[in-house]
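**Student:** What follows is a single structure, and I will ask about it in a moment.
In the working numbering, the protein residues as written are 3 to 161.
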């Protein structure tokens, strides 16, 4: 049986020939954890070094995956975040302009905001809110009720 385990270990090492193995002493390993690794080693027929290598590989892989997930999460947040268009005296914006921006927009601190050639669908998709705007002018084809729901501190809405 011991010969079979030794043969399996040699086969695993042969598959992974590029790995350079050397004796390494690691300080600070808890004795309880080391005993568990020894037991796992005897139960599986693998060396303590092989068990430790697998644990390191798994840990490093988890860290790499977490970093990848974190990067993707941040990217998703940036893509889902809104743009602010603010502090402008007069602004005319069309549905085509909104589509070119391609993100949700908050219009803020604008004196005169005029929407031209915009559909209700474009408005819903791209306009999150209209804040602190004196005059909002919308085309007759756009529902005033729909616009009102997105407005805060707006003096006048006309079509």
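From the three backbone atoms N, C-alpha and C, an ideal C-beta is built for every residue, glycine too.
1) Can you give me the start and stop residues for the beta strand (DSSP E) that residue 115 sits inside?
2) Which residues does DSSP list as the beta-bridge partners of residue 94?
3) Tell me the rounded alpha-carbon separation between residue 47 and residue 22.
4) Would you report the Cα separation of residue 40 and residue 20, rounded to the nearest angstrom?
5) Name, in chain order, the residues that DSSP records as bridge partners for residue 1.
6) Using 8 angstroms as the threshold, is the C-beta distance between residue 116 and residue 97 below it?
7) Between the C-alpha atoms of residue 24 and residue 50, what's the straight-line distance to the nearest angstrom?
**Tutor:** Based on what the coordinates show:
1) 107–118
2) 116
3) 21 angstroms
4) 26 angstroms
5) Residue 1 is absent from the model: the chain starts at 3 and stops at 161.
6) no
7) 13 angstroms
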